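Asks: FYI, the numbering for the sequence shown is 56 to 236, going by this note's numbering. A virtual CB, placed ideally from N, CA and C, is assigned to each residue, including glycine. These numbers were taken from a predicted model, which means no experiment stands behind them. Handing you a structure now.
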Amino acid sequence: LEVLMFTDTHCHLYKEYYDNIDEVIKESHKENVDKYIISGTTFNNSLEGLELADKYDECYCTVGLHPEDITDGELEKIIDLIKKNKDNKKMVAIGEIGLDYHWNKENKEVQIEVFEEQLKLAQELGLPVIIHAREATMDTLNIIKKYNVIGVLHSYSGSLEIAKEYIKRGFYFGSEISGFK
């Protein structure tokens, strides 16, 4: 009997959340998870994701700046980190990037600017993107149309009709399970 193995395509395996990452990986192997893509949202946890990907054969990572984590100077640090690791085969995408108008509508222009800078870099490097799009469906789609990128939409809150537009562009969808550990 062949056992089906799974890849966790979007996890935040950080010391901030887990006391013993070795144990988390060991326990998830028992549940048939054998690969992990650790999603970066800040400079610090993107750096930690790169370190974990280097430490564990089964771990890969993304590097990016989440719209809720935008602070002065953070974008420049993320861009530099991505460029320094552009040939690292364990960095598989740029993300988690995007727009989130649920928690903060006051900085839409800044979110858009940061999102577009990371999309430009993804296009330049030929990397897929992991996009967080919460209550920002049309802005996200209109921005995506400017770039030749593919990837995954995470935390998508739009309609089926708009989802079909993303699918035509080569995007996939991921989900967010609140409170799951």
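Using the Cα positions of Y211 and T97, report the straight-line distance between them to the nearest angstrom.
Replies: One C-alpha to the other measures close to 20 Å.
Asks: Going by DSSP, what residue range makes up the beta strand (DSSP E) through L196?
Replies: Unbroken run through L196 is the alpha helix (DSSP H), T192 to I199; no beta strand (DSSP E).
Asks: Can you tell me whether L120 is helix, strand or coil according to DSSP?
Replies: L120: coil per DSSP, three-state reduction.
Asks: Going straight from the alpha carbon of V118 to that of E71, what length do you get?
Replies: Distance between the alpha carbons of V118 and E71: 17 Å.
Asks: If I follow the unbroken alpha helix (DSSP H) through S68, where does it start and stop?
Replies: The amino acid at residue 68 is misidentified as Ser; the sequence shows Leu. L68 -> no alpha helix (DSSP H), and no H or E assigned at all.
Asks: Return helix, strand or coil for I222, following the three-state DSSP convention.
Replies: Of the three classes helix, strand and coil, the one that applies to I222 here is helix, per DSSP.
Asks: Applying the criterion that 16 or more other CB atoms from any shown protein chain within 10 Å of the CB defines a buried residue, is D142 buried or exposed?
Replies: The residue in question, D142, is exposed, as its Cβ has fewer than 16 Cβ neighbours within 10 Å.
Asks: Work out the CA separation of N99 and Q178 for me, nearest whole Å.
Replies: Their Cα atoms are separated by approximately 23 Å.
Asks: Grouping DSSP H, G and I as helix and E and B as strand, with all else coil, what is D89?
Replies: It is a strand residue.
Asks: What's the call for I186, buried or exposed, on a 16-neighbour Cβ count within 10 Å?
Replies: Buried, because 16 or more other Cβ atoms sit within 10 Å of the Cβ of I186.
Asks: Would you kindly work out how many angstroms separate the C-alpha atoms of D77 and E171, rounded to a whole number?
Replies: The alpha-carbon atoms of D77 and E171 are separated by roughly 36 Å.
Asks: Can you find the residues in the same chain that come closer than 7 Å, C-beta to C-beta, to E220, ignoring five residues on each side of it along the sequence?
Replies: Excluding residues within five positions, the ones whose Cβ falls inside 7 Å are L196.
Asks: In the DSSP assignment, find the alpha helix (DSSP H) that holds V165 and state where it starts and stops.
Replies: From DSSP, the alpha helix (DSSP H) with V165 extends over K163 to L180.
Asks: Should the stretch 60-75 be regarded as contacting the stretch 86-97, the criterion being three or more beta carbon pairs within less than 8 Å?
Replies: Output reads yes: the stretch 86-97 touches the stretch 60-75.
Asks: Give every residue of the same chain whose Cβ lies closer than 8 Å to the Cβ of I222, excluding the five residues on either side of it in the sequence, and list them in chain order.
Replies: Counting only Cβ-Cβ distances below 8 Å, and skipping sequence neighbours, we find nothing.
Asks: Ignore the nearest five residues each way along the sequence and tell me which others in N203's own chain have a CB closer than 7 Å to its CB.
Replies: Once the five neighbours on either side are set aside, the close Cβ partners of N203 are Q178.
Asks: Give the straight-line distance between the Cα atoms of I205 and F228, rounded to the nearest whole angstrom.
Replies: For I205 and F228, the distance between alpha carbons rounds to 11 Å.
Asks: Mind checking who H157 pairs with in its DSSP beta bridge?
Replies: None; H157 has no bridge partner.
Asks: If you draw a straight line from the alpha carbon of Y111 to that of K139, how long is it in whole angstroms?
Replies: So the alpha carbons of these two residues sit roughly 20 Å apart.
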